[in-house]
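Data first, discussion second: the structure below is written as C-alpha cells.
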Amino acid sequence: MKNVILFLILLASAMTSLYTADADCYEVPKRTSDTVFGAIQGKIESAMNNCFVLNSVSPLDSLSERLNRGGLRNNIVQYWKGYINYYKSVFYMKVGNRAESAKLIKEASLTLDSVADKTSEDYALLALMQSFSIQFVSGVEAGKLALMVKRNAEKAVEMDSTNVRGWYILGSHDYYTPAGLARESKVEYYLRKAISFASKSEDAYRPTWGKENAYELLIRYYIQNGKKEESKECLSALEKENPDCYFIREYKKKLDIQ
Numbered sequence: 001m002k003n004v005i006l007f008l009i010l011l012a013s014a015m016t017s018l019y020t021a022d023a024d025c026y027e028v029p030k031r032t033s034d035t036v037f038g039a040i041q042g043k044i045e046s047a048m049n050n051c052f053v054l055n056s057v058s059p060l061d062s063l064s065e066r067l068n069r070g071g072l073r074n075n076i077v078q079y080w081k082g083y084i085n086y087y088k089s090v091f092y093m094k095v096g097n098r099a100e101s102a103k104l105i106k107e108a109s110l111t112l113d114s115v116a117d118k119t120s121e122d123y124a125l126l127a128l129m130q131s132f133s134i135q136f137v138s139g140v141e142a143g144k145l146a147l148m149v150k151r152n153a154e155k156a157v158e159m160d161s162t163n164v165r166g167w168y169i170l171g172s173h174d175y176y177t178p179a180g181l182a183r184e185s186k187v188e189y190y191l192r193k194a195i196s197f198a199s200k201s202e203d204a205y206r207p208t209w210g211k212e213n214a215y216e217l218l219i220r221y222y223i224q225n226g227k228k229e230e231s232k233e234c235l236s237a238l239e240k241e242n243p244d245c246y247f248i249r250e251y252k253k254k255l256d257i258q
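Just so we're aligned, residue 1 is where the sequence shown starts under the UniProt record's numbering, counting upward by one.
Here it is as C-alpha cells:
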C-alpha cells in the first residue's frame with residue numbers, strides 16, 4: 001500500500017516539471033490568423049515564464065481572455081484554454097497556493113472531459129491534467145484517477161498511433177508505477193515510441209509538447225538502470241534534433257561527455 005501511495009505522489013509531482021483530428025473540430029477561424037492562435041503553445045509557455053517574473057498569473061489570464069473574445073467553442077479553442085488553465089494550476093502550486101491550484105485543475109479537467117467528440121490530443125491533455133490532479137486526492141479516489149490517466153493516454157494513441165504526447169504520458173505513468181505491483185515495465189517501449197515520432201507541426205496552432213520530456217525521462221531511466229551506453233545514445237539523438245534543449249548540458253556532466 002505504501003508503494004502505491006508513493007507512486008501516486010511521484011506521478012503527480014512529475015507532471016509539475018513539464019493530430020489526427022476532424023477538420024471541423026480543429027478548424028481555426030480565418031480572422032484569427034494574425035492573433036492569438038499563431039504559435040499558441042509558445043505564447044502560453046512564454047506567458048508562464050512571465051508569471052514567475054511578475055509573481056502573478058495575469059500573463060496567462062491575458063491569453064485566456066483573448067481566446068474568449070472570439071466567442072468560439074470548437075475543440076481547438078477548448079484545448080488551448082485547457083492548456084492555459086493547466087499552467088495556471090502549476091503556477092499556483094509552485095507559489096504555494098495549493099487550494100487554488102486544486103480548484104483550477106479540477107475545473108479544467110471536467111471542462112475538457114465534457115467536450116464532445118474528443119480528439120487524440122484532447123485525450124492526451126486530459127491525461128496530463130488528471131496526472132497533475134492526483135496530488136490533491138488520496139486513497140481510492142487517487143487510485144481511480146491513476147487508472148483514468150492510463151485509460152485516456154491509451155485512447156490518445158489508439159486514435160493516433162503517432163501522438164507523441166500520448167506515448168509520453170504512458171511512459172511517465174509507467175515510470176512512476178512501483179515495480180512491486182506485479183506488472184511488466186513498458187517504460188522504455190512507451191518512451192521510445194514517443195521520441196520516434198515528429199513533434200513539430202506545420203500548423204502553428206497544434207500542440208508539440210512532450211517529446212523533450214520523453215527524452216529526459218528515458219535518459220534518466222537508462223542511467224538509473226545502469227544503461228550508460230543507451231543513455232548516451234539517447235542524449236546524442238536529442239542533441240542532433242534539438243541542440244538548444246535546456247537539460248543537455250546537465251546530462252553530459254552526469255555521463256562524463258565532453
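Even for Gly, the Cβ is constructed at its ideal location relative to N, Cα and C.
In chain order, what residues of the same chain lie with their CB nearer than 6 Å to the CB of residue 116, ignoring the 5 residues before and after it?
Translated into the one-based positions of the sequence shown, residue 116 becomes position 116. So no residue of the chain qualifies.
Given a cut-off of 8 Å, decide if residue 124 and residue 99 are closer than it, judged by their beta-carbon atoms.
If you number the sequence shown from 1, residue 99 lands on position 99. If you number the sequence shown from 1, residue 124 lands on position 124. Remark: C-beta atoms of residue 99 and residue 124 do not approach each other more closely than 8 Å.
Whole-angstrom C-beta distance between residue 152 and residue 130, which should lie under 8 Å
Stepping through the sequence shown from its first residue, residue 130 is reached at position 130. Stepping through the sequence shown from its first residue, residue 152 is reached at position 152. That belief holds up - the Cβ atoms of residue 130 and residue 152 are roughly 7 Å apart, short of 8 Å.
Mapping DSSP to helix, strand and coil, what is residue 86?
Reading the sequence shown from its first residue, position 86 is the one you call residue 86. Taken through DSSP and simplified to helix, strand or coil, residue 86 comes out as helix.
Helix, strand or coil: how does DSSP classify residue 251 here?
By 1-based counting over the sequence shown, the position of residue 251 is 251. Three-state DSSP puts residue 251 in a helix.
Please name the residue in 239, 37, 137 whose C-alpha comes closest to that of residue 216.
Within the sequence shown, residue 216 is the residue found at index 216, counting from 1. Here the closest residue by C-alpha is 239.
Residue 173 to residue 145 span [Cα, whole Å]:
Residue 173 sits at position 173 when you count from the first residue of the sequence shown. Residue 145 sits at position 145 when you count from the first residue of the sequence shown. Rounded to whole angstroms, the separation of the alpha carbons of residue 145 and residue 173 is 12 Å.
For residue 163 and residue 121, which I take to be in contact (beta-carbon distance under 8 Å), what is that distance rounded to the nearest angstrom?
Your numbering for residue 163 matches position 163 in the sequence shown. Your numbering for residue 121 matches position 121 in the sequence shown. With a Cβ gap of about 7 Å, residue 163 and residue 121 count as contacting.
Would you mind giving the Cβ-Cβ distance between residue 259 and residue 195, rounded to the nearest angstrom? I have them listed as a contact below 8 Å.
The chain is shown from 1 up to 258; residue 259 falls before or after that span and cannot be answered.
Stretch pair the region 219-226 + the region 201-211: three plus CB contacts closer than 8 Å
Because the criterion of three Cβ pairs below 8 Å is not met, the region 219-226 and the region 201-211 do not touch.
Using C-beta distances below 7 Å, list every residue in its chain close to residue 65, excluding the 5 sequence neighbours before and after it, in chain order.
Sequence index remark: in the sequence shown, residue 65 carries index 65 (1-based). Correct list: empty, nothing qualifies.
Start and end of the alpha helix (DSSP H) containing residue 221?
To locate residue 221, count along the sequence shown from 1; it is residue 221. Judged by DSSP secondary structure, residue 221 falls within the alpha helix (DSSP H) whose first and last residues are 211-224.
How would you call residue 110, buried or exposed, if buried means at least 16 neighbouring beta carbons within 10 angstroms?
By 1-based counting over the sequence shown, the position of residue 110 is 110. The residue is exposed, with fewer than 16 neighbouring Cβ atoms inside 10 Å.
Check whether the Cβ atoms of residue 231 and residue 255 sit closer than 8 Å, and answer yes or no.
Translated into the one-based positions of the sequence shown, residue 231 becomes position 231. Translated into the one-based positions of the sequence shown, residue 255 becomes position 255. Yes. Within cutoff.
Taking its Cβ as the centre, do 16 or more other Cβ atoms sit within 10 Å of residue 253, making it buried, or is it exposed?
Position 253 of the sequence shown, counting from 1, holds the residue named residue 253. The residue in question, residue 253, is exposed, as its Cβ has fewer than 16 Cβ neighbours within 10 Å.
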